[in-house]
Amino acid sequence: MAAAGVSTTQLHPACRVRQEGFGLLFYDSRGPRLLFAATGNLLPQDYFETARSRDELPEGLSDSQKQTLKKFVDQLLQKGFLREQ
Amino acid sequence: MSNKYVEMGMRSPVNLTWEVSLACNLRCSHCLSSSGEPARDEMTTAEALDLVEQLHQARVFQINFGGGEPFMRPDFEQILDACHIRGIMTCISTNGTLLNAERVERLARSRQVAIQVSMDGSCRETCDAIRGEGVFEAATAAVKLLAATRIPTSINTVLTAQNASEIPAMHAMAHALGVSLRVSRFRPSGRGADNWESLRPSPAQLLAFSDWLAESGDVRTGDSFFSLTSQERQGLGLNLCGAAKLTCCVGPTGNMYPCAFLQTDRFKAGSLRENSFQEIWDNSEIYDSFRKLRIHSCEECKRFDQCHGGCPAVAWHLKNDINGGDPECLERCVTSIADTDRLALAA
């Protein structure tokens, strides 16, 4: 969980996410829109349901995986699947 | 790009249509399911609530409720509540006649529901000719109630020969009421099959609608307007029939089908009274055949990448052949008009 005062990101209330064979499938009911994210098993499907700081990622990832996932989180924010609080 | 992932197979549908009852207080001439009287042996409340839990376990994102008129089921709001408690988003297709201020206020509390009110013309005469006397007024009143809430609301119109020229006016009417417009395709299913020839839009009307739609970016279209330009559909990244891949249909008695327009024994994928939702989704031979469906006869068409053969349900109802390509696709509209012009010139 993020420390007090740090901005956090979380799944937008209009969005849902679930695990598929290729990775995560995001759904935005406002479109509707789908986002197919080939994340494999790097992120669990409930990862975005908890408010987290943008830099907080699961343990045990390599540096390149962390970089990729940080970019991915930025994209999710940009596309409106996540929202900053 | 997205199709590659869809082809890999989804663990469950993204959304599904659940026709909770065949009961309806209207007798619309284009009704896809010939609704009126409830079906014999419709799902009980316990069965419906059990299905909601199964859909939650399967992580289905959204349920699109239709019928019949969903609010004809006394337990319908109980079913909705069960969905919302579990975080399943819902969209209700209603004729609007059973919505009142109290019901709308209850619905608005969930923040997880969207509502489509069916209207089939921009004026009383056109709408009521299809849906029945007094429906235009009742549906308009319902839209006004909904527009005053935070419930995402749209007017849903089935494009027919009778209302094709009124679609721009309906768009303006929706704007004036503070809601969006959604246009669905008319298919020869249910009573729509009985009235197909009198209600079907002409090729010229379909082409004119396509052109208008391309310029009207905020208009939503039904799932299977594959042959028509839709910014949202492009945004969704999908250009193929989603039946059995991204969506499916549950009928009033718990039978499952590829889509709402193929609710016949020929296309029955299974019964929820015999197997679980997940078992049917994973193992149905009918679903498997839809996942493997390739419309080879359309592959040479220049529009193939945009529609992949269009709507198998229309192909089935008009040609008894789901492999034959959509007989009403835009390319065939163009050909049909050209043929008519050639015949006229020759005469």
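Line by line, the protein sequences are chains E and S.
If you count the first sequence from 1, position 2 lands on -1 in my numbering, and the numbers rise without skipping.
If you count the second sequence from 1, position 84 lands on 85 in my numbering, and the numbers rise without skipping.
Ideal Cβ positions, reconstructed from N, Cα and C, are used throughout, including at glycine.
Asked                                                                                                           : Found
Close beta carbons around Thr95 (chain S), own chain, < 8 Å, minus the five adjacent residues each side         : Glu70, Pro71, Phe72, Ile116, Gln117, Val118, Ser119 and Ala143
Reference Phe137 (chain S), options S:Gly97, S:Leu147, S:Arg107 and S:Asn101, closest by Cα                     : S:Gly97
Reduced DSSP secondary structure (H/G/I, E/B, other) of Ser337 (chain S)                                        : helix
Ala59 (chain S) vs Ser13 (chain S) beta-carbon contact at 8 Å                                                   : yes
Three-state secondary structure assigned by DSSP to Thr158 (chain S)                                            : strand
Contacts that Gly18 (chain E) makes with chain S (C-beta to C-beta distance below 9 Å)                          : Tyr6, Met9, Gly10, Met11 and Arg12
The segment 40 to 54 of chain S / the segment 200 to 220 of chain S touching (three or more Cβ pairs under 8 Å) : no
Backbone CA spacing between Val251 (chain S) and Met90 (chain S) [nearest angstrom]                             : 16 Å
Minimum Cβ-Cβ distance from Phe69 (chain E) to chain S less than 8 Å                                            : no
Closer than 8 Å to chain S by CB, Phe45 (chain E)                                                               : no
Element boundaries [alpha helix (DSSP H), containing Thr65 (chain E)]                                           : Asp60 to Lys76
DSSP three-state assignment for Asn256 (chain S), whether helix, strand or coil                                 : strand
8 Å Cβ cutoff met for Ala102 (chain S) and Leu146 (chain S)                                                     : yes
Distance, Val335 (chain S) Cα to Asp82 (chain S) Cα                                                             : 47 Å
Span separating the alpha-carbon of Trp282 (chain S) from that of Tyr288 (chain S)                              : 7 Å
For Glu280 (chain S), three-class secondary structure by DSSP                                                   : helix
Within-8 Å CB hit, Leu85 (chain E) to chain S                                                                   : With chain E covering only -2 through 82, there is no way to say anything about residue 85 (chain E).
Where the alpha helix (DSSP H) containing Ala173 (chain S) begins and where it ends                             : Ile168 to Leu178
Contact the segment 169 to 189 of chain S vs the segment 297 to 315 of chain S: 3+ CB pairs below 8 Å           : yes
Interface residues of the segment 52 to 66 of chain S facing chain E [CB-CB below 7 Å]                          : Arg60, Phe62 and Gln63
Length of the line joining the Cα atoms of Met11 (chain S) and Glu17 (chain E)                                  : 7 Å
Contact list for Val356 (chain S) against chain E, beta-carbon separation under 7 Å                             : Since the first residue shown for chain S is 2 and the last is 348, residue 356 (chain S) is missing from the structure and cannot be characterised.
CA nearest to the CA of Leu33 (chain S), picked from S:Glu329, S:Phe262, S:Gly325 and S:Cys299                  : S:Phe262
Boundaries (first-last residue) of the beta strand (DSSP E) holding Leu31 (chain E)                             : Arg30 to Ala34
Within chain S, partners of Arg80 (chain E) - CB distance below 8 Å                                             : In chain order: nothing, as chain S lies at least about 15 Å away.
Same chain, Cβ closer than 8 Å to Lys269 (chain S), neighbours up to 5 away in sequence not counted             : Asn256, Met257, Tyr258 and Ile287
Where Arg51 (chain E) meets chain S, residues with beta-carbon distance less than 8 Å                           : By Cβ distance, chain S contributes nothing, its closest Cβ being about 24 Å from Arg51 (chain E), past 8 Å.
DSSP bridge partner residues for Thr222 (chain S) (one or two, in chain order)                                  : S:Val184
Rounded straight-line distance, which links the Cα of Ile93 (chain S) to that of Arg110 (chain S)               : 15 Å
The alpha helix (DSSP H) enclosing Ala165 (chain S), as first and last residue numbers                          : Taken as a continuous stretch (DSSP letters only), Ala165 (chain S) belongs to no alpha helix (DSSP H), as it is neither H nor E.
Bounding residues of the beta strand (DSSP E) (the contiguous stretch that carries Arg87 (chain E))             : What is shown of chain E runs -2 to 82, which leaves residue 87 (chain E) out entirely.
Proximity to Phe305 (chain S) [Cα-Cα], best of S:Gln264, S:Leu241 and S:Arg274                                  : S:Leu241
Min CB distance Met90 (chain S) to chain E below 8 Å                                                            : yes
Cβ separation of Leu58 (chain E) and Val70 (chain E), assumed to be a contact under 8 Å, to the nearest whole Å : Contact flag wrong, Cβ pair sits at about 13 Å.
Range covered by the alpha helix (DSSP H) that runs through Tyr288 (chain S)                                    : Glu286 to Arg292
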